[in-house]
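*Asks:* Note that the sequence shown covers residues 0 to 160 in numbering that gives the first Met the number 0.
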Amino acid sequence: MPEHPALDDEVRKAYASVEPSIRVEFHNAMAGLARDAAVRPPADIESATNILKFISYNKAAIFAYCFAETRRDHPPKNPRGRSEANIFLTTCVDGQFAELRRYTGVRPYVMTFFPERVMACEQQARLQSREALLRPYDFLALDRPRLYDFAKFNRCLMASE
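1) Going by beta-carbon coordinates alone, are L156 and R106 separated by less than 8 Å?
2) Closest by CA to H73, which one among R143, A60, T90, G31?
3) Are the beta-carbon atoms of I50 and L99 separated by less than 8 Å?
4) Where V23 and R154 are concerned, what is the direct C-alpha to C-alpha distance, given to the nearest angstrom?
5) Whose C-alpha, out of F152, L132, L146, K151, is nearest the C-alpha of K12?
6) Do you know how far the Cα of Y56 is from the Cα of A97?
In structure tokens form, the structure reads like this:
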């Protein structure tokens with residue numbers, strides 16, 4: 000999906016607007032990990048924390064882009080209406096979140112049976128211009144922040160050679 004510089008401001012605003020809900024969701028998930036800390040090795044907790052940060056960062060970016068693109072392509076009749084009432088927005092978000100969920104299931108399989116695919120697919124699906132525009136929130140500090148087109152990533156991972 001090509002980037003549109005005119006959307007940048009709208010995307011940044013949408014990204015900032017979802018930070019509180021992403022923060023709550025992330026902290027709730029971290030509380031669950033903290034409960035598991037007594038029975039899981041520290042390396043597992045660290046890995047799970049990084050996965051949660053990665054997923055949270057991508058979810059926020061997905062929402063921001065869906066919101067901005069929906070407003071551009073289908074301006075709301077009632078600008079003060081709730082986002083959930085916008086069928087175009089919910090369709091975009093639901094579809095992309097479904098691809099993110101699919102990725103979380105597909106990647107471990109591919110890492111086990113076809114690990115050589117992962118690096119090439121990461122490069123094909125990476126959204127570097129979006130990464131430059133949307134840095135992770137402070138509470139999601141990542142060593143390697145990455146945003147992906149998960150539909151493209153999934154197709155690449157599952158492609159037969």
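Cβ coordinates follow ideal geometry from the N, Cα and C atoms, glycine included.
*Replies:* Checking against the coordinates, here is how it stands:
1) Translated into the one-based positions of the sequence shown, residue 156 becomes position 157. Translated into the one-based positions of the sequence shown, residue 106 becomes position 107. Less than 8 Å divides the Cβ of L156 from the Cβ of R106.
2) Here residue 73 refers to the residue found at position 74 when the sequence shown is read from its first residue. Nearest C-alpha to H73: T90.
3) Numbered from its first residue, the sequence shown carries residue 50 at position 51. Numbered from its first residue, the sequence shown carries residue 99 at position 100. It is not a contact, given that the beta carbons lie outside the stated cut-off.
4) Position 24 of the sequence shown, counting from 1, holds the residue named residue 23. Position 155 of the sequence shown, counting from 1, holds the residue named residue 154. Between V23 and R154, the C-alpha separation is close to 31 Å.
5) Reading the sequence shown from its first residue, position 13 is the one you call residue 12. Between K12 and the set F152, L132, L146, K151, the nearest pair of CA atoms involves L132.
6) The sequence position of residue 97 within the sequence shown is 98, counting from 1. The sequence position of residue 56 within the sequence shown is 57, counting from 1. Each residue's alpha carbon lies about 15 Å from the other.
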